[in-house]
Amino acid sequence: MKSEIKYENIKTTESIPIPNDPLEQVIGQDEAVKIAKLAARQKRHLLLVGPPGIGKSLLAQSIAFHLIKPTQEISVLHNPENPERPIVEIKTSEILAKEKTLEKQLAGKIVDPKDVPSFVAEKLGFRCRKCNYLSKPQENSCPSCGTEKFKKEYSPFGDLISDYFAIQKADRVHTTKMNDGGREEIIVYEKYGEKIRVLDQKSLEKIDEIKQQKPRKILIPSSRKNFIIATGASETELLGDIRHDPYGGHQQLGTQPYSRVVAGAIHEAHEGVLFIDELGALSYLQRFLFTAMQERKYSIVGRNPQSSGASVKVDSVPCDFILIAASNINDLHFVLPPLRSRIIGNGYEVLLDTHMPDTETNRGKMFQFIAQEIRKDGKIPHATLEAAHEIIEESKRRAKLNDDAPDALTLRLRDLSGAIRLAGDIAIDEGAPYITPEFVKLAIRKNRNIEEQLKEKYGSVWRANASELSRPEKRDYKEIN
Ligand SMILES: Nc1ncnc2c1ncn2[C@@H]1O[C@H](COP(=O)(O)OP(=O)(O)OP(=O)(O)O)[C@@H](O)[C@H]1O
Ligand SMILES: [Mg+2]
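No gaps in the numbering here: position 33 of the sequence shown is 1218 in our numbering, and each next residue is one more.
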């Protein structure tokens, strides 16, 4: 066999290299892989069509690997004028980076207790007021001279004189200093573990400004997955919702509407992939989907008329996703034409292949597939080269049987993967270190579907059907046929 030349030095599938790029792990769908790469780069939608188990989901998931990470953060802000109309705020990566630097600045300067004015170190409990010895603020008396660091709780037996000079325990000390322009500036010293944090006037003003900002909820954080699965999603899962509040959002008792906003899958997939398997099964929800794809933003509203969330609406929440959807050929007519038009208008519809020509290169890909499946499973041993050849022969037989394709290898790989797993389980059961051709043959026999089993037992599916009938029924059956 030709492929033996290529793999002549390989004894088992263990030494077959597996590419890191998940798209390179998709076997035999070269055209689809090419388009998938393009879709990721150009941000295009994709509808993958084909029978079960040929890599539609695998392909879709691999695309996310090629997408750049999301950059924006989306928040909903309290709207004091109209709390039931929370406001959307988008922060770009530049703004987020600036805020990070600011946050660092606001954290102030962390200094050693010996580097602050001594009265500050005393008040914060680091320095002994009597002997100047520095110690941890948790220690109430000086480890060097034993003097109490702080004023005691009032006691009628207290030492009035020493208590008079003792200081009040503090976690924060406010002081002032003259700045270069001759103006007085506030400086705050704070306990920071065994160190001291120094905040200057500018940091304090900034902190005040932040405190005065509108209350907010981060709806879509910037660090998030870029692959969102919405297969079989409900309306609220897909489009978002406003949670119910039994107190109707009452100012004191209730929860403010902005904090009850829940993002939908279309919003979570912003800047990433929204993956929907069996697109047709989404039925009427497809209508919302194509509006969202067109507008790239979609309002979040309370979707339950009985809920207090029904009166809340957040306008224009971004949802700029690429749709990767999959459908079996039989269900294609359940996909709404306007949705298909949106996909074709800004993307591709791709029909996946069910088999590939039996060439040396493609046999090489099959070796890779076998190694991949074994590694993915993690519980079965690797296959010998002969066993891998046996599996490839089976893939050839299946291409002929299922697709009437001579000299081809099947790409209905989920089924084939089942046979590989079974062969692995048999090897484990036998205590064998590798999958050998015998185990593969046994697995193939066990792995056949019912139709194939019926064919073997009864000669044909038709005869098998007849076997279930009673005697008079059988007579009628024969007369009709
Ligand atoms: N082209 C392929 N290359 C590599 N592995 C594949 C391929 N097709 C299928 N497989 C294997 O089969 C498994 C099932 O494939 P996948 O879930 O992508 O099928 P699907 O086309 O989405 O099927 P369905 O229509 O049932 O959802 C994959 O996880 C992978 O292990
Ligand atoms: Mg799938």
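Ideal Cβ placement from N, Cα and C applies to all residues, glycine included.
- Cβ atoms of Leu1231 and Gly1532 come within 8 Å of each other, at about 5 Å.
- Comparing C-alpha distances from Asn1267 to each of Gln1386, His1435, Glu1307 shows the shortest one belongs to His1435.
- Counting C-beta atoms within 10 angstroms of its own C-beta, Tyr1619 has 16 or more neighbours from the protein chains shown and is therefore classed as buried.
- Taking the Cβ atoms as the reference, Lys1285 lies roughly 44 Å from Leu1537, outside the contact range of under 8 Å.
- When C-alpha distances from Asp1505 are compared across Ile1405, Ala1292, Ser1388, Pro1622, the shortest belongs to Ile1405.
- Pairing Leu1262 with Tyr1483 gives a Cβ-Cβ distance that is not under 8 Å.
- Per DSSP, Ser1580 lies in no beta strand (DSSP E) segment; the continuous alpha helix (DSSP H) that holds it begins and ends at 1570-1588.
- In summary, Val1646 is exposed, with fewer than 16 beta-carbon neighbours lying within 10 Å of its beta-carbon over all protein chains present.
- Between Ala1245 and Leu1233, the C-beta gap is smaller than 8 Å, which places the two residues in contact.
- Cα atoms of Glu1216 and Pro1622: separation of roughly 32 Å, rounded to the nearest angstrom.
- The Cβ atoms of Ile1451 and Leu1470 do not sit closer than 8 Å to each other.
- An exposed status is given to Asp1365, since fewer than 16 other beta-carbon atoms sit within 10 Å of its beta-carbon.
- Scanning the stretch 1363-1447 from its first residue to its last, the whole alpha helix (DSSP H) runs of 4-plus residues come out as 1386-1396, 1420-1424.
- Short note on Leu1423: C-beta not closer than 7 Å to any heavy atom of ligand 1.
- Close CB contacts of Leu1524 within its chain, under the 7 Å cut and outside five residues either way in sequence, are with Gln1471, Leu1474, Phe1475 (chain order).
- In the pairwise beta carbon analysis, the stretch 1206-1214 is classified as not touching the stretch 1567-1582: fewer than three pairs are separated by under 8 Å.
- For the pair Ile1201 and Phe1552, the CB atoms are nearer than the 8 Å cut-off.
- Closest option to Val1499, judged by alpha-carbon separation, among Arg1382, Arg1488, Leu1508, Lys1642: Arg1488.
- From the listed residues Gln1386, Gln1441, Pro1400, Ala1573, the smallest Cα separation to Ala1604 is found for Ala1573.
- A distance below 8 Å separates the beta carbons of Asp1430 and Thr1440.
- Secondary structure at Thr1256: coil, using DSSP grouped into helix, strand and coil.
- Per DSSP, Phe1335 lies in no alpha helix (DSSP H) and is assigned neither H nor E.
- Measuring C-alpha to C-alpha distances from Lys1228 to each of Leu1594, Asp1614, Glu1653, Ile1509 identifies Ile1509 as the nearest.
- Taking the CA atoms as reference points, Leu1252 sits about 29 Å from Thr1546.
- Spanning the alpha carbons of Arg1428 and Val1497 requires a straight line of approximately 10 Å.
- For the stretch 1467-1515, the full-length beta strand (DSSP E) segments reaching 3 residues or more read 1507-1512 along the chain.
- Of the residues assessed, Tyr1374 falls on the buried side of the cut-off, its CB having 16 or more other CB atoms within 10 angstroms.
- DSSP places Phe1250 within a helical segment (H, G or I) once states are collapsed to three.
- Taking the Cβ atoms as the reference, Phe1250 lies roughly 7 Å from Asp1206, within the contact range of under 8 Å.
- The Cβ atoms of Leu1309 and Val1383 do not sit closer than 8 Å to each other.
- Taking every residue with its beta carbon within less than 7 Å of a heavy atom belonging to ligand 2 gives, in chain order, Lys1241, Ser1242, Asp1462, Ala1511.
- Residue pairing by DSSP places Lys1276 opposite Glu1258 in a beta bridge.
- Distances between the C-beta of Ile1509 and the heavy atoms of ligand 1 are all 7 Å or more.
- Put simply, the backbone Cα of Asp1614 is about 52 Å away from that of Gln1257.
- Of the residues assessed, Leu1464 falls on the buried side of the cut-off, its CB having 16 or more other CB atoms within 10 angstroms.
- For the options Gly1433, Ala1511, Leu1438, the alpha carbon positioned closest to that of Ala1466 is the one of Ala1511.
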